[in-house]
Amino acid sequence: MHVGRQISLTVTLAFCILLACVNHGDAGVTSAFIRSEYPSVDIPLDHEVFKVPQGYNAPQQVRITQGDYEGKAVLVSWVTADEPGRSVVRYGTSEKSYDRTAEGSVGNFTFYQYQSGYIHHCLLDGLEYDTKYFYKIGDGDSAREFWFHTPPAIDPDASYKFGIIGDLGQTYNSLSTLEHYMGSGAQAVLFVGDLSYADRYDYNDVGVRWDTWGRFLERSAAYQPWMWSAGNHEIEYFPHLGETVPFKNFLHRYATPYTDCKSSEPLWYAVKRASAHIIVLSSYSPYVKYTPQYRWLAEEFKRVDREKTPWLIILMHVPIYNSNNAHYMEGESMQDIFEGWFVKHKVDVIFAGHVHAYERSV
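Rendered as structure tokens:
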């Protein structure tokens, strides 16, 4: 297929990063980066990548994601450990000069006997395209400052570079992947599920490992938007702990702009960014005929305008095609439901994780 547009993509799947530039249908050349062999062990809790910021009630686990459908808003999330504090973001276009403020919400939850910190979500809207913003959260000596860059205006010729990351975890391989991504020049991450792998732990350690992962990721996610999708490791079904509500940790901690695209649930949603229309699906939520996800996707395809966003990208956790022995044919049911739609609407690329090996079809 000849495509007269350009968008750059950085592909990272299951600890492996491959660099590719999609230009006139040419996939480009992958990078030489190769992750180390298994086994991969979790980074110990006292490692500096998990360091808690200094100061009473200092904001930690700071991250941003796109906050609206069109790319003119940012959702800022963070955690305070000692008390709720103020859920306020001060921001502006000049460093250390914050002429705007936004107030968000704060809450916490329990998982077994683990008590979460105070989780803040704050929307910064009405932003200008292609502009660097500086923002400050927290109070007094514990306040912390960060920045982000908004995307270019939605335009068929807008060039943009995404990172695609999945199945990250918090091992030494995870660290090498994150460092490699941060040196790639990508501008935002499309995350295809399986975040912290905290479900490999038990009892209160599940919540603890969500916290360490949030601090681990902050070096990137506080400055660049990460767009989230959920995988099987976010389900966390622990009946022996009395925890049977799926995605409890994920949904409390990781916000998505789902209401802006008329979705009924944060696990499936869509955003437009530069020249791309990105649709996020949930592999572990109902998607057969008549379900909310099915009905929403049917309507979302109608909103795609290839004159403005010629690139149509789908994110999901479980691949609908997979020849690897691991998780073989697990995506067959979603393939049966949605493959015809993907063909009909000429989806350009589907990114998935789950299988810890790289594979692509043409």
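The sequence shown runs 1 to 362 under UniProt numbering. Each residue gets a CB set at the ideal place from its N, CA and C atoms; glycine is no exception. Remember, predicted model here, so these are calculated numbers, not experimental data.
Same chain, Cβ closer than 6 Å to residue 154, neighbours up to 5 away in sequence not counted: 272, 308
Can you check whether the CB of residue 192 is closer than 7 Å to the CB of residue 267? no
Would you list, in sequence order, the uninterrupted beta strand (DSSP E) runs of no fewer than 3 residues that lie entirely inside the segment 236-296? 269-273, 276-280
From the DSSP output, which residues share a beta bridge with residue 354? In DSSP, residue 354 forms no bridge with anything.
Compute the beta-carbon to beta-carbon distance between residue 83 and residue 118, rounded to the nearest angstrom, for a pair I have assumed lies under 8 Å. 7 Å
Here's the rule I'm using: 16 or more other beta-carbon atoms within 10 Å means buried, otherwise exposed. How should residue 331 be labelled? buried
Assigned secondary structure, residue 184 (DSSP; H/G/I helix, E/B strand, else coil): coil
Is it buried or exposed, residue 188, if we count other Cβ atoms within 10 angstroms and call 16 or more buried? buried
For residue 126, name the three-state secondary structure that DSSP assigns. coil
Can you name, in chain order, every residue of its own chain whose Cβ lies under 7 Å from the Cβ of residue 175, other than the five neighbours on each side? 43, 49
When you compare the segment 239-255 with the segment 157-169, are there three or more beta-carbon pairs, one atom per stretch, that lie closer than 8 Å? no
I need the DSSP call for residue 299, collapsed to helix, strand or coil. helix
In the DSSP assignment, what residue or residues form a beta bridge with residue 136? 90, 145
Can you check whether the CB of residue 230 is closer than 7 Å to the CB of residue 216? no
When you measure from the CB of residue 74 to every non-hydrogen atom of the ligand COA, does any distance come out below 6 Å? Looking for the ligand COA in the displayed structure turns up nothing, as the structure carries no ligands at all.
Per DSSP, what kind of secondary structure is residue 326 in: helix, strand or coil? coil
Apart from the five residues on each side of it in sequence, which residues of its chain come closer than 7 Å, Cβ to Cβ, to residue 199? 206, 233, 236
Any idea if residue 227 is buried or exposed, counting beta-carbon neighbours within 10 angstroms, 16 or more meaning buried? buried
Would the beta-carbon of residue 317 fall within 7 Å of that of residue 275? no
Below 6 Å CB to CB, which residues in the same chain sit around residue 190 once its five sequence neighbours on both sides are set aside? 162, 164, 227, 315
Can you check whether the CB of residue 225 is closer than 7 Å to the CB of residue 110? no
Alpha carbon to alpha carbon, what distance is there between residue 143 and residue 55? 8 Å
Have a look at residue 336 and residue 47 and give me their C-alpha separation to the nearest angstrom. 45 Å
Would you check if the segment 123-142 and the segment 60-77 touch, i.e. whether three or more CB-CB distances between them fall below 8 Å? yes
Using 8 Å as the cut-off, can you tell me whether the segment 317-327 makes contact with the segment 342-362, which would need three or more C-beta pairs spanning the two stretches below that distance? yes
In three-state DSSP terms, what is residue 334? helix
Using the three-state DSSP reduction, which class does residue 103 fall into: helix, strand or coil? strand
Residues that DSSP places opposite residue 65 in a beta bridge: 75
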